[in-house]
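So for the sequence shown, this note's numbering puts the first residue at -15; every next one is plus one.
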Amino acid sequence: MKKLLALTLSVFALVACGDEKPTQETVVAELKSTGVEINDVRTLERDTKSPLPNSYAVRFAFSTPEIAPKGGQVFICDEKKLCDPLYVYFDALKAFGGSYYYQSPKGLVVLQLNEKMTPETAKKLEKALAKF
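Below you can see the structure in the form of C-alpha coordinates.
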(Lines of atoms letter the chains of each structure in order from A and count residues from 1; the text may use other names and numbers.)
(Lines give C-alpha, C1' and ligand atoms only; values in the text may rest on other atoms or scores of the structure.)
Protein backbone atom coordinates (compact mmCIF):
# COMPACT_ATOMS: atom_id res chain seq x y z
CA MET A 1 0.00 0.00 0.00
CA LYS A 2 2.85 2.39 0.86
CA LYS A 3 4.51 1.68 -2.50
CA LEU A 4 1.27 2.45 -4.34
CA LEU A 5 0.86 5.71 -2.43
CA ALA A 6 4.48 6.70 -3.15
CA LEU A 7 4.05 5.88 -6.84
CA THR A 8 0.83 7.87 -7.04
CA LEU A 9 2.45 10.89 -5.38
CA SER A 10 5.42 10.65 -7.76
CA VAL A 11 3.13 10.65 -10.79
CA PHE A 12 1.23 13.69 -9.50
CA ALA A 13 4.51 15.50 -8.85
CA LEU A 14 5.70 14.84 -12.41
CA VAL A 15 2.39 15.96 -13.88
CA ALA A 16 2.49 19.15 -11.82
CA CYS A 17 6.01 19.91 -13.06
CA GLY A 18 4.87 19.51 -16.65
CA ASP A 19 2.25 22.21 -16.18
CA GLU A 20 4.73 24.72 -14.80
CA LYS A 21 4.12 28.15 -16.31
CA PRO A 22 7.15 29.67 -17.99
CA THR A 23 8.77 32.67 -16.31
CA GLN A 24 11.45 35.05 -17.49
CA GLU A 25 13.94 33.18 -15.33
CA THR A 26 13.06 29.71 -16.66
CA VAL A 27 13.07 30.86 -20.28
CA VAL A 28 16.44 32.62 -19.88
CA ALA A 29 17.85 29.47 -18.24
CA GLU A 30 16.69 27.35 -21.19
CA LEU A 31 18.11 29.83 -23.71
CA LYS A 32 21.47 29.75 -21.91
CA SER A 33 21.40 25.93 -21.75
CA THR A 34 21.77 25.87 -25.55
CA GLY A 35 25.34 27.12 -25.27
CA VAL A 36 24.48 30.47 -26.84
CA GLU A 37 25.75 33.34 -24.70
CA ILE A 38 22.77 35.41 -23.53
CA ASN A 39 23.55 38.88 -22.14
CA ASP A 40 21.85 42.12 -21.13
CA VAL A 41 18.49 40.55 -20.24
CA ARG A 42 16.02 43.36 -19.64
CA THR A 43 12.28 43.65 -19.19
CA LEU A 44 10.63 45.76 -21.88
CA GLU A 45 7.91 48.28 -21.13
CA ARG A 46 4.48 47.78 -22.65
CA ASP A 47 3.69 50.32 -25.38
CA THR A 48 -0.08 50.57 -25.76
CA LYS A 49 0.34 52.71 -28.90
CA SER A 50 2.34 50.03 -30.71
CA PRO A 51 0.63 47.79 -33.28
CA LEU A 52 2.26 44.86 -31.46
CA PRO A 53 -0.48 42.82 -29.70
CA ASN A 54 -0.46 43.51 -25.96
CA SER A 55 -1.76 40.06 -25.03
CA TYR A 56 1.45 38.90 -23.34
CA ALA A 57 2.14 38.75 -19.60
CA VAL A 58 5.93 39.26 -19.78
CA ARG A 59 8.19 40.69 -22.49
CA PHE A 60 11.96 40.85 -22.28
CA ALA A 61 14.91 41.36 -24.60
CA PHE A 62 18.47 40.06 -24.63
CA SER A 63 21.65 40.42 -26.64
CA THR A 64 24.11 37.89 -27.98
CA PRO A 65 27.83 38.57 -28.69
CA GLU A 66 27.31 37.44 -32.29
CA ILE A 67 25.22 40.52 -33.10
CA ALA A 68 25.53 42.72 -29.97
CA PRO A 69 23.93 44.94 -28.92
CA LYS A 70 21.10 43.13 -30.67
CA GLY A 71 19.74 39.65 -30.05
CA GLY A 72 16.07 38.97 -29.60
CA GLN A 73 12.95 39.33 -27.54
CA VAL A 74 10.69 36.90 -25.76
CA PHE A 75 6.98 37.09 -25.01
CA ILE A 76 5.44 34.90 -22.31
CA CYS A 77 1.67 34.45 -22.21
CA ASP A 78 -0.72 32.94 -19.69
CA GLU A 79 -2.53 30.98 -22.42
CA LYS A 80 -1.74 29.85 -25.97
CA LYS A 81 -4.60 31.91 -27.38
CA LEU A 82 -2.88 35.02 -26.02
CA CYS A 83 0.45 34.23 -27.72
CA ASP A 84 -1.10 33.27 -31.06
CA PRO A 85 -1.71 36.93 -32.10
CA LEU A 86 1.97 37.72 -31.45
CA TYR A 87 3.11 34.89 -33.71
CA VAL A 88 0.64 36.00 -36.40
CA TYR A 89 1.92 39.58 -36.08
CA PHE A 90 5.55 38.53 -36.69
CA ASP A 91 4.45 36.20 -39.49
CA ALA A 92 2.72 39.12 -41.21
CA LEU A 93 5.94 41.16 -41.02
CA LYS A 94 8.15 38.51 -42.65
CA ALA A 95 7.75 40.15 -46.06
CA PHE A 96 9.44 43.29 -44.70
CA GLY A 97 12.40 41.65 -43.01
CA GLY A 98 13.98 38.33 -42.33
CA SER A 99 13.78 38.06 -38.57
CA TYR A 100 13.37 34.64 -37.01
CA TYR A 101 10.28 33.97 -34.93
CA TYR A 102 9.13 30.84 -33.15
CA GLN A 103 6.29 29.74 -30.89
CA SER A 104 6.82 27.09 -28.25
CA PRO A 105 5.01 23.72 -28.61
CA LYS A 106 2.54 24.56 -25.81
CA GLY A 107 2.10 28.01 -27.32
CA LEU A 108 3.00 29.97 -24.17
CA VAL A 109 6.23 31.56 -25.45
CA VAL A 110 7.04 33.48 -28.63
CA LEU A 111 10.69 34.12 -29.49
CA GLN A 112 11.65 36.76 -32.05
CA LEU A 113 15.31 36.97 -33.11
CA ASN A 114 17.19 39.61 -35.07
CA GLU A 115 17.61 38.89 -38.77
CA LYS A 116 21.42 39.21 -38.56
CA MET A 117 21.68 36.16 -36.30
CA THR A 118 23.11 33.09 -38.02
CA PRO A 119 20.62 30.33 -38.84
CA GLU A 120 22.64 27.94 -36.66
CA THR A 121 22.30 30.16 -33.58
CA ALA A 122 18.61 30.76 -34.27
CA LYS A 123 18.00 26.99 -34.45
CA LYS A 124 19.76 26.44 -31.13
CA LEU A 125 17.60 29.08 -29.45
CA GLU A 126 14.45 27.67 -31.03
CA LYS A 127 15.20 24.32 -29.37
CA ALA A 128 15.20 26.07 -25.98
CA LEU A 129 11.43 26.52 -26.34
CA ALA A 130 10.72 22.77 -26.39
CA LYS A 131 9.54 22.51 -22.78
CA PHE A 132 7.24 25.52 -23.02
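Beta carbons are placed, not taken as given, at the ideal position from N, Cα and C, and that holds for glycine. Please read all numbers here as calculations on a predicted model, not as lab measurements.
The Cβ atoms of Ala41 and Cys61 sit closer than 8 angstroms to each other. Remark: C-beta atoms of Ala112 and Glu50 do not approach each other more closely than 8 angstroms.
Taking Thr102 as the centre and dropping the five residues before and after it, the same chain places the C-beta of Glu50 closer than 7 angstroms to its C-beta, in chain order. For Tyr73, the enclosing alpha helix (DSSP H) stretches over residues Lys64 to Ala76. Put simply, the backbone Cα of Glu4 is about 20 angstroms away from that of Thr18.
When the beta-carbon positions are compared, Phe74 and Gln96 come within less than 8 angstroms of each other. Counting every other CB atom within 10 Å of its CB across the protein chains shown gives Ser34 a total below 16, marking it as exposed.
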